[in-house]
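Residue numbers (the numbering used here): 14 to 514.
Ideal Cβ placement from N, Cα and C applies to all residues, glycine included.
Below you'll find the structure, written out as structure tokens, and then a few comments.
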Ligand SMILES: Cc1cc2nc3c(=O)[nH]c(=O)nc-3n(C[C@H](O)[C@H](O)[C@H](O)COP(=O)(O)OP(=O)(O)OC[C@H]3O[C@@H](n4cnc5c(N)ncnc54)[C@H](O)[C@@H]3O)c2cc1C
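Next up, the structure:
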């Protein structure tokens, strides 16, 4: 493979995809400058600190530890060179709004009994579901996730034939797949809740994402001490060791081709790199940063995409403890079809929301002052939904009342720190199209090579990475996306694809 020591690369955006590709490219010898709009790195995995409370603003579930190990291992390092992991038990707690409560755990016998207690025979069927999930995970990760199949020709490889069982899972939906195993709505919800990580609904997400149950029950749920921002710090530090230059507070305003190099403009500087990797949201880059004739997709394309949900978030510093909430808690309506409908079909602030509560201070004393709890509330919302102070204020009251009613934890007189983040903020802070929290949803027509390509077909030397492209949404996927994008760039260099003209 080509040594990149005579190549300069600008990476636009400091989310996990950008940080990861910067590491791979610097490791290959390139002179890499990463330009980030905000004053901190991590993108949607930013951190917010006030009065001794430290909040992860975005991701909070550390899933797929195997992916993080493989990522650091490429650089002869390991995650524990940078942060410590704690396994969580329970993985999460679910409060159903009919008063029922269950814990999801990695103890498979416990889970088997739990399923059996709701439905005769469901214990065996849970195990069969999990076995299929494990098999699909192994094939899907090696053949579709680590193997970059973002072009049609990547699918003509003979090894794809052996993936037929996984390929078939692309055809059905998660809803029809789960129904084959369990009837009870709560059991279906336990197997489907992970879809919120993918930004889809059970009806529109392909059945192949049953692999998330293997991720959840077999691989486990972990907490990095200090929160996900400790993982950001780890990747940034490693990039530093590999020679990446970081420029924060540097919003890119245009990317054009100059003679022999690109021109990447920020308010104060013009960079002239040989190659450009864009980690900022793909739609933003195409619509706002590139000249029209150098775009691959027109406005109709972007308008017709299914964007993953946005979210209404409340970061709360609270006096006292918040028993019986677990580190991760989900509060679910008994029927969640209406909730998904109000996200995907008829956008509205959900009347009966499903939401997530994260209390990292259960595991980590460093994220809240003594005698206090650090809690954030995440309510998925339709992307592009009307947002504003009055709507938020009314919804805040509704959610705090809902939490009190369904979990028994009344936060209302105990909040000492509060900050909200919503649809508008995703747009303002991250240039997120329609304020999406997650990027493009993993619907069937937005999976694998049907996602926007990581290699521009309009401009040689221009690449994309992160949650809008392959393999998709979530911190582990974005780390892998960075690898694919760096490999695409290296492959083109090997093939002597010319520099920009
Ligand atoms: C609330 C929330 C909860 C989540 N929970 C989880 C979870 O528990 N586990 C999990 O694995 N994943 C979770 N995710 C998803 C995960 O955070 C994302 O998929 C991932 O972090 C996205 O990384 P990315 O590479 O796409 O870059 P992003 O994080 O989207 O970063 C892109 C960067 O580009 C910058 N940028 C934009 N425009 C410009 C410009 N013009 N110039 C310079 N810079 C620019 C932005 O400021 C941003 O920093 C969650 C996301 C959110 C929002």
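Beta-carbon contacts of residue 67 that lie in its chain and below 6 Å, excluding the five residues immediately before and after: 380
Where residue 344 sits in the DSSP three-state scheme: strand
Validate contact between the region 16-30 and the region 279-286 using beta carbons, cut 8 Å, 3 pairs: yes
Spatial distance of residue 470 from residue 15 (CA atoms): 22 Å
Top-ranked residue by Cα proximity to residue 365, from 358, 217, 83, 353: 353
Limits of the unbroken beta strand (DSSP E) element including residue 258: 258-260
Best match in 259, 459, 291, 454 for proximity to residue 267 [C-alpha to C-alpha]: 291
Per-residue burial, residue 386 [other beta carbons within 10 Å of its own, 16 or more giving buried]: buried
Integer-rounded CB distance, given that residue 394 should sit under 8 Å from residue 325: 5 Å
Length of the line joining the Cα atoms of residue 371 and residue 434: 15 Å
Contact set for residue 349: own chain, Cβ-Cβ below 7 Å, skip 5 residues either direction: 202, 367
As assigned by DSSP and simplified to three states, the class of residue 94: helix
Residue 44, DSSP secondary structure in three states: strand
Top-ranked residue by Cα proximity to residue 29, from 398, 493, 501: 493
Three-state secondary structure assigned by DSSP to residue 10: A query on residue 10 cannot be resolved here, the shown segment of the chain reaching from 14 to 514 and no further.
Among 204, 222, 397, nearest to residue 461 - alpha-carbon criterion: 222
Cβ of residue 126 within 7 Å of any chain C Cβ: Looking at the structure shown, chain C is missing, and only one protein chain is on hand.
Candidates 336, 261, 214, 272, of which the one nearest residue 515 by Cα: Outside the shown range of the chain, which is 14 to 514, sits residue 515, and nothing can be said about it.
Every unbroken beta strand (DSSP E) inside the region 219-271 [3 residues or more]: 235-237, 258-260, 265-271
CB contact flag (residue 340, residue 375, <7 Å): yes
Beta-carbon proximity check, residue 397 vs residue 447, cutoff 7 Å: yes
Close-in-space but distant-in-sequence residues of the same chain around residue 304 (CB under 7 Å, 5 per side omitted): 269
Per DSSP, cross-strand counterpart(s) of residue 108: 114, 344
Residue interval of the beta strand (DSSP E) (run including residue 332): 323-332
For residue 513, three-class secondary structure by DSSP: For residue 513, the predicted model reports a pLDDT of 49, less than 50, meaning its position is unreliable and no value from the coordinates is stated.
Where the alpha helix (DSSP H) through residue 201 begins and ends: 198-205
Buried versus exposed call for residue 197 [16 or more other C-beta atoms within 10 Å across all chains shown]: exposed
Alpha helix (DSSP H) segment containing residue 72, residue limits: No alpha helix (DSSP H) holds residue 72; DSSP gives it neither H nor E.
Residue 480 Cβ short of 6 Å to ligand 1 heavy atom set: yes
Complete alpha helix (DSSP H) runs within the region 412-493 (minimum length 4 residues, chain order): 436-443
Exposure label - residue 333; buried when at least 16 CB within 10 Å: exposed
Inter-residue CB distance, residue 329 and residue 241 (contact presumed, cutoff 8 Å): Not quite, the Cβ-Cβ distance comes to about 18 Å (not below 8 Å), so this is no contact.
Backbone secondary structure at residue 59 - three-state DSSP: coil
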